[in-house]
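Structure first, then comments.
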Amino acid sequence: MIASTCFHCGNDCGKTTISFDQKTFCCHGCKTVYDIFSSHNLSSYYDLQSAPGAIPKKIEGKYDYLDTPDIIERLTEFDNNHTQITTLYIPHIHCSSCIWILENLHKLESAITVSQVNFPKKTLRITYNKEHISLKKVVLLLNTIGYDPYISLDDYSIKTTKTNRNLIYKLGVAGFAFGNVMFLSFPEYFEVQEYWLEQYKHVFRWLMFIFSLPVVGYAAQDYFISAYKGLRARLLNIDVPIALGILVLFIRSTTEIIFDLGTGFFDSLTGLVFFLLLGKFFQQKTYSFLSFERDYKSYFPIAVTKVNTEKHNNQRSEKNIQVYDIKKGDRLLIRNEELIPVDAVLLEGCAQIDYSFVTGESESIHKTPGEKLFAGGRQVSGAIEIEALKSVTQSYLTQLWSNNVFTKNKSASFTNLTDTISKYFTITILCIALTATTFWLFYDSSQAIHVFTAVLIIACPCALALARPFALGNILRIFGKRKFYLKNADVIEQLAKANTIIFDKTGTITTSQKSTITYQGLPLSRQEEALLKNTLRASNHPLSRSLYKILSEHDIYILDEFDEHTGEGIEGKREQHTIKVGSSGFVRKKIDSDAMNTAVHISADDTYKGRYIFNNSYRKGISEVFKALSQIYSLSILSGDNSSEKKYLQKVLPKHTDLLFRQKPKDKLNYIDALQQRGKNVVMIGDGLNDAGALAQSDVGIAISENVNVFSPACDAILDASQFKNISNYFKISKSTMKIISSSFVFSFLYNIIGLYFAVTGQLSPLIAAILMPLSSISIIVYVTLLTNFLCRKLKVEQ
Amino acid sequence: MGVIYVLLTISIVVAILFFIGFIISVKNGQYDDMYTPSIRILFEDELVKERKNTPSKSTNSKQS
């Protein structure tokens with residue numbers, strides 16, 4: 002049979018191909034979506050991009066809380082008698098087809114008037130008539146076409162997300178003034194002794210003065226503020242010489258035109274500010290679809306179903322309540338695929354809890370009534386009822402966020418390379434200026450003030466200040482294209498400084514999706530294997546699913562009998578043959594005592610056959626990555642698990658790797674703190690919410706994520722899990738980038754020496770300044786951009 | 004020679020008009036999402052083409 006892929010979602014159809022309308026589909030969900038689209042004349046969805054869809058996940062009652070008026074009010078940004086506007090985050094938005102179909106929602110549902118996609122943010126803004134359709138129905142419509150919105154507790158907090166457009170305004174003002182001043186100052190560059198120029202040059206000069214006012218007063222204000230702050234903290238940061246340069250340029254130019262001494266340097270002044278702001282703008286690359294500030298709120302649901310039981314007549318009623326309103330003793334209903342928001346005791350039902358968000362462990366854990374459940378787990382089989390033990394903010398996991406690491410501002414305590422250099426730079430420049438002025442005071446005192454200001458103007462470290470933002474901004478973009486997303490440019494410099502790297506184990510160096518499965522015991526006959534496969538087919542348990550996938554293909558037949566003992570195992574029967582699959586206790590009435598790994602036991606016709614062992618599978622290239630890193634960095638692994646894999650890790654990893662097991666979230670944080678006390682620069686690479694404290698404490702916290710759109714704890718950088726192999730390259734490039742920046746400083750000093758020659762000898766004319774300043778800036782920008790591109794040419798995206 | 008004042012005034016007024024236009028467009032959020040509109044502009048053509056190809060279908064659905 003030819004392997005066919007689903008026309009809607011592009012997945013492999015396997016054996017259960019559904020043919021419809023001459024197209025193949027992997028499941029009924031995909032077929033239904035296609036049906037909806039084609040019946041509404043929307044099939045160009047599939048023309049724009051092949052197989053753009055997602056399998057719709059239908060979960061009964063998942064969005065019932067959207068009927069609660071209080072929650073609707075929080076989720077909508079505008080609400081009057083007829084119209085409601087809401088913005089939803091939809092992780093699946095990934096191609097032009099998505100934009101097209103979501104902006105044509107009105108064809109599917111006439112009550113929706115406008116729907117607009119913001120692609121970088123992956124959000125959809127929907128305006129709809131609330132008399133004809135409710136918010137819940139809108140969300141359900143999106144759900145049925147495979148665009149499931151992601152609504153979390155984060156959406157509940159009142160948003161003050163006013164996008165900061167200050168920099169664009171300032172850049173606009175500076176660019177506008179720069180262009181106009183250039184025009185106006187152009188005639189005087191050539192000093193043509195023409196009649197009309199003599200007559201009108203005053204008008205031109207005063208116009209330039211007017212244009213430069215908003216530049217100095219508004220566009221450049223950040224530099225003045227930063228310089229003032231720096232001076233007050235007794236720091237000579239890079240903004241001090243810049244602010245001084247701008248100020249001197251402005252004052253000298255103004256005096257020149259007042260006393261008719263010359264044209265002034267307004268062109269250089271506005272150009273300088275424009276270039277500096279351009280550098281800031283370039284460095285400010287943000288990935289608006291990612292959030293680096295996520296805490297538990299982004300994962301927790303906005304509401305849960307509370308079960309009330311009337312005492313006198315035992316009548317049960319369900320009510321949706323806000324997560325923050327959960328009180329101790331509340332009885333809550335958690336449906337399949339829902340998150341447990343508080344620490345609780347399991348009352349009813351069979352819990353199969355997936356803690357992968359918390360620990361990175363992919364295997365779900367089975368719990369029986371009476372056992373304690375920790376907040377953050379996801380229920381994966383059927384509905385359960387729990388009783389809350391604590392409120393949301395006091396739960397074990399969420400308490401971690403009350404640690405003061407999370408309120409500390411990391412970047413504030415960090416002095417970057419330019420600021421370090423600028424300290425010496427500023428002192429040197431002031432010395433040169435004073436020496437030159439003293440010399441001119443004795444030689445020709447009328448020139449002294451002229452020389453003094455000229456030195457400060459020409460020494461204004463434009464090129465110095467531009468090298469770093471352009472080099473780092475460029476690397477930031479290149480890394481972003483290679484699926485390594487950084488919070489800001491400072492992270493690159495921090496990465497280059499690091500000397501210790503700490504890895505989390507589960508989910509970070511192991512994959513969370515594929516487990517390697519090995520079989521131990523008596524071999525199964527072909528017939529038994531066929532029966533096993535068919536039995537597993539009927540089960541939805543995650544272990545059954547993964548075991549099913551690795552077994553070889555067998556004919557599909559219908560079992561005579563099938564029994565699922567939730568939490569224990571499954572039983573299948575056909576033609577006098579029975580098979581039992583499940584836990585040791587279920588299959589052979591004996592509890593495994595030496596079980597370190599997850600295992601599925603098999604017995605056929607009541608004779609014990611053996612077990613399938615699920616091992617954590619490590620990411621590809623792990624030993625190469627560790628080998629490359631161990632040459633420069635000291636490495637450790639902190640794991641929350643038991644030490645069952647210690648031997649294997651010692652074998653695979655370089656000798657000096659520290660391995661620590663059974664580490665609680667708080668222990669990880671303290672371990673890093675202790676290293677930092679000893680003067681180490683620590684990079685933490687982790688994944689789950691339990692690493693959040695360690696990621697925040699470290700100098701650079703890198704979160705590894707299988708799906709960057711959905712999940713990652715607060716951190717400085719997010720790495721797509723497929724790029725794990727590249728980690729050592731990213732570190733290498735960061736180091737080389739800093740070297741490029743340092744070398745570009747040499748260039749900028751050379752320009753300064755040339756400029757200082759003109760300044761000290763008293764020959765600095767506006768024309769020389771107008772040539773030298775942009776020339777130095779642009780050549781530095783070209784230099785760093787070319788070199789950083791060259792550096793990254795070998796960096797490839799791993800598939 | 005007074006013409007130079009007229010020309011200067013005109014050039015500055017035009018420049019300021021463009022500047023105001025820029026400020027307004029930033030304020031309206033035109034620069035917040037610089038990617039989606041570039042794709043959206045391509046869709047209009049597709050839609051027109053679709054309507055031309057299937058004029059009977061769309062009128063049918065309207066009547067019903």
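Sequence order for the protein chains is W and L. Going by the working numbering, the first sequence opens with residue 2, and the numbers climb by one from there. Going by the working numbering, the second sequence opens with residue 4, and the numbers climb by one from there. Built from N, CA and C at the ideal position, the CB exists for glycine as well.
For a cutoff of 9 Å on Cβ pairs, would you count residue i as touching chain W?
i     : result
L:I80 : Absent from the model: residue 80 of chain L. The displayed extent of chain L is 4 to 67, so no value can be given.
L:L11 : yes
In three-state terms, what does DSSP make of residue i?
i      : result
W:V512 : Note on residue identity: the sequence assigns Thr, not Val, to residue 512 of chain W. Three-state result, W:T512: strand.
W:D65  : helix
W:L765 : coil
W:E78  : strand
W:H107 : helix
W:V308 : strand
W:I428 : helix
W:H41  : coil
W:K648 : helix
W:M685 : strand
W:T25  : strand
W:I100 : helix
W:G522 : strand
W:T271 : helix
W:A376 : coil
W:R126 : strand
W:T114 : strand
W:L198 : helix
Find the residues of chain L that neighbour residue i, judging by a C-beta separation of less than 7 Å, and give them in chain order.
i      : result
W:S97  : I42
W:W402 : In chain order: nothing, as chain L lies at least about 30 Å away.
W:P121 : D36 and Y38
W:V118 : T39
For residue i, which residues in chain W fall below 8 Å Cβ to Cβ?
i     : result
L:I26 : Y170 and G173
Along chain W, which residues have their Cβ under 9 Å away from the Cβ of residue i?
i     : result
L:V29 : R166, I169, Y170 and G173
Find the residues of chain W that neighbour residue i, judging by a C-beta separation of less than 7 Å, and give them in chain order.
i    : result
L:I7 : Y201
By the criterion of Cβ-Cβ separation under 9 Å, what are the contact partners of residue i in chain L?
i      : result
W:F177 : A18, I19, F21, F22 and F25
W:I100 : T39, I42, R43 and F46
W:N181 : S14, I15 and A18
Note the first and the last residue of the continuous alpha helix (DSSP H) segment covering residue i.
i      : result
W:T399 : Note, W:T399: premise wrong, no alpha helix (DSSP H); not H, not E.
W:I240 : Here the sequence assigns Asp to residue 240 of chain W, which means Ile is not the residue at that position. Here the alpha helix (DSSP H) through W:D240 covers D240 to I259.
W:E625 : I623 to S631
W:A497 : D491 to K498
W:H451 : S446 to I459
L:F22  : V6 to K30
Answer yes or no: does any C-beta atom of chain L fall closer than 9 Å to that of residue i?
i      : result
W:L279 : no
W:E189 : no
W:V204 : yes
W:E78  : no
W:E104 : yes
W:F184 : yes
CB-CB under 6 Å to residue i, same chain, minus the five flanking residues each way: which ones, in chain order?
i      : result
W:K320 : K307
W:P767 : T264 and F266
W:L109 : H41
W:K24  : F8
Kindly indicate if chain B contains any beta-carbon less than 9 Å away from that of residue i.
i      : result
W:L208 : Among the protein chains in the structure shown, which are W and L, there is no chain B.
Among the residues of its own chain, which have a CB less than 8 Å from the CB of residue i, if the five just before and after it don't count?
i      : result
W:F251 : S213, V217 and L270
W:R538 : Y549 and I557
W:V785 : A468, F471, A472, N475, I741, I742 and S745
First and last residue of the beta strand (DSSP E) that includes residue i?
i      : result
W:A389 : I385 to A389
Please return the same chain residues whose Cβ sits closer than 7 Å to the Cβ of residue i, not counting the five positions on each side in sequence.
i      : result
W:K281 : L168 and P470
W:Y397 : D344, F375 and A376
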